[in-house]
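S.K.:
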Amino acid sequence: MTFAVEEPLYPKKGITVEDASVSKLARDLGLIKHPNGGYFKETDRPSETAEVQSTGDSGSPPTTVSRNPSSLIHFLMTCESPLGKFHTNVTGRSIHVLQGGRGTYVLVHPTGQIETFRVGFDVANGERTQWVVEPGVYKGCYVVPEKEGAEVTSKDHLWVSEVVVPGFDFQDMKFPDMNNLIALVGEEKASEIEWLL
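Right, dumping it as structure tokens:
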């Protein structure tokens, strides 16, 4: 099921301070602020390493890099930071498991295909509780209200566990600019989703 891409209304409605229950969740999980928005905490990373191929930036030849076999994080998006900006992991495959809340994911594939889907626990209506993002696919996400059609509130959040295989490294995280986005999806579609840059 595809969902319309709509910029989160939290800032426009003046809802920019998360509810105490959401702040408590972040504290209880020991999360810290993430440079791409929201909170996160790495909860597992095996100590061994292996040599893997990294595709690097588009157009550059693959290189061999040393990475852990996997990494696991919690991340939490809230009304204070309701969106995760477009980025890709050029080396690792990201496996996501929903822990709480709801959100919308927007994926931009190297072919230019834009894929959108809702994550939540209403699986009978097409919401997902697990999803995978392959290396080189740009992903962005944003918080939506707990119930379809409900007003935004300070309790809204998106809490996800993410496994990256091979393990995440900040060197592998790439952010597109508007020119990259236009090259992938064309000017009209890029202008509709540029707020995720």
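In this note's numbering, the protein residues as written are 4 to 200. All residues carry an ideal CB built from backbone N, CA and C; glycine is no exception. Just so we're clear, the structure is a prediction, and the values are computed from it rather than from any experiment.
(1) Tell me which same chain residues have a C-beta within less than 6 Å of the C-beta of Leu187, skipping the five on either side of it?
(2) For the segment 125-166, list the beta strand (DSSP E) runs that are entirely contained and at least 3 residues long, ordered along the chain.
(3) Work out the CA separation of Ser194 and Glu9 for me, nearest whole Å.
(4) Give me the residue from Leu34, Phe89, Ser74 and Ser57 with the minimum Cα distance to Glu197.
(5) Going by the CB atoms, is the gap between Leu79 and Leu34 shorter than 8 Å?
(6) Can we say the segment 85-102 touches the segment 171-182, given the rule of at least three CB pairs closer than 8 Å?
(7) Give me the Cα-Cα distance between Gly123 and Ser63, rounded to the nearest whole angstrom.
(8) Count the other CB atoms, across all protein chains shown, that sit within 10 Å of the CB of Ala23; report buried if there are 16 or more and exposed otherwise.
(9) I'd like to confirm the pairing. Which residues does DSSP put opposite Ile35 in its beta bridges?
(10) Quick one: what's got a C-beta closer than 6 Å to Ile18's C-beta in the same chain, skipping five residues either side?
(11) Is it buried or exposed, Lys142, if we count other Cβ atoms within 10 angstroms and call 16 or more buried?
(12) Applying the criterion that 16 or more other CB atoms from any shown protein chain within 10 Å of the CB defines a buried residue, is Asp125 buried or exposed?
(13) Residues in the same chain with beta-carbon distance under 7 Å from Gly139, minus the five sequence neighbours each way, listed in chain order, please.
(14) Helix, strand or coil: how does DSSP classify Lys15 here?
(15) Could you pull the start and end residues of the alpha helix (DSSP H) that Ala186 belongs to?
(16) So who's on the other strand from Asn92, going by DSSP bridges?
(17) Within 8 Å (strictly less), CB to CB, does Val68 reach chain B?
M.R.: Walking through what the data contain:
(1) Position 184 of the sequence shown, counted from the first residue, corresponds to residue 187. Taken in chain order, the residues that qualify are Val111 and Gly115.
(2) Qualifying beta strand (DSSP E) stretches, in chain order: 133-136 and 141-146.
(3) Locating residue 9 in the sequence shown gives position 6, where the first residue counts as 1. Locating residue 194 in the sequence shown gives position 191, where the first residue counts as 1. Taking the straight line from one Cα to the other gives about 12 Å.
(4) Here residue 197 corresponds to residue number 194 of the sequence shown, with the count starting at 1. Per the Cα distances, Phe89.
(5) In the sequence shown, counting from the first residue as 1, residue 34 sits at position 31. In the sequence shown, counting from the first residue as 1, residue 79 sits at position 76. Cβ atoms of Leu34 and Leu79: closer than 8 Å.
(6) Because the criterion of three Cβ pairs below 8 Å is met, the segment 85-102 and the segment 171-182 touch.
(7) Numbered from its first residue, the sequence shown carries residue 123 at position 120. Numbered from its first residue, the sequence shown carries residue 63 at position 60. Rounded to whole angstroms, Gly123 and Ser63 show a C-alpha spacing of 37 Å.
(8) The count along the sequence shown starts at 1 and reaches residue 23 at position 20. That one is exposed.
(9) Numbered from its first residue, the sequence shown carries residue 35 at position 32. The partner list for Ile35 (beta bridge, DSSP) reads Phe43.
(10) In the sequence shown, counting from the first residue as 1, residue 18 sits at position 15. Close CB contacts of Ile18 within its chain, under the 6 Å cut and outside five residues either way in sequence, are with Cys82, Val155 and Ser157 (chain order).
(11) Looking up residue 142 in the sequence shown gives position 139. It is buried - the Cβ of Lys142 has at least 16 other Cβ atoms within 10 Å.
(12) Position 122 of the sequence shown, counting from 1, holds the residue named residue 125. With fewer than 16 Cβ atoms within 10 Å of its Cβ, Asp125 is classed as exposed.
(13) To locate residue 139, count along the sequence shown from 1; it is residue 136. For Gly139, same chain residues with a beta-carbon under 7 Å away, outside a window of 5 residues either side, are Thr58, Thr91, Val93 and Pro113 in chain order.
(14) One-based indexing of the sequence shown puts residue 15 at position 12. The DSSP-derived three-state label of Lys15 is coil.
(15) Against the sequence shown, residue 186 aligns to sequence position 183. Element bounds for Ala186: Met181 to Val188.
(16) Start at 1 with the first residue of the sequence shown, and residue 92 comes out as number 89. According to DSSP, Asn92 bridges with Met176.
(17) Absence of chain B from the displayed structure is noted, only one protein chain being present.
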